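Residue numbers (the working numbering): 4 to 181.
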């Protein structure tokens, strides 16, 4: 059990997300970001499976076949695309719905911060984009939400943090409208 190391990791992560959220014009989301990680359900499970180089949820999934911590987390944090999957009343199937811009902004901040934490000195502005295109988010998000996130992450990769944060803040207001 790595209680102290896990506490330091999630606290550093929240600090970075808060920094980016303030720059993106969503300070409240930065302040409340990932508070559920300190809840007993998430904290102790994640401390148990802590490795320091990737999400403890991945290790918990390998060991148990699922991650209780992740299931708790995704249902309480709107910056995860999984939160935005609901039943379509016409088809009676689960489908991704458009993610409001303010939560896409928080997702963007979260992706940079997580990449910085887990990549450490190997982090580059390409890391968040590479994660996005190699994991399930790109194909499981609503197509319009995925397109926006991909655009922002590609801009980060090609033009850097300062230019991308300014672009997002100036061109995307915190409403659902795309």
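Virtual Cβ for every residue (Gly too), placed ideally from N, Cα, C. Just so you know, these numbers come straight off a predicted model, no measurement behind them.
Query	Result
If you compare alpha carbons, which of 135, 161, 163 and 160 is closest to residue 150?	135
Relative to the C-alpha of residue 14, which candidate in 100, 34 and 168 has its C-alpha closest?	34
Rank 55, 16, 58 and 6 by C-alpha distance to the C-alpha of residue 109 and give the top, closest one.	16
Can you give me the C-alpha to C-alpha distance between residue 29 and residue 4, rounded to a whole angstrom?	34 Å
With contact counted as at least three CB pairs below 8 Å, one residue from each stretch, are the segment 89-101 and the segment 114-131 in contact?	no
Quick check for students: name the residue ranges of the beta strand (DSSP E) that lie wholly in the segment 80-168, counting only runs of 3 or more.	88-90 and 97-99
Mind the definition here: the segment 67-87 touches the segment 45-54 only if three or more C-beta pairs lie below 8 Å; say whether that holds.	yes
Assign residue 3 to one of three DSSP states: helix, strand, or coil.	The structure shown does not extend to residue 3, since the chain spans only 4 to 181, so no value can be given for it.
Rounded to the nearest angstrom, what separates residue 8 and residue 106 at their Cα positions?	28 Å
Find out if the Cβ-Cβ distance for the pair residue 52, residue 145 is shorter than 9 Å.	no
Can you find the residues in the same chain that come closer than 6 Å, C-beta to C-beta, to residue 175, ignoring five residues on each side of it along the sequence?	104
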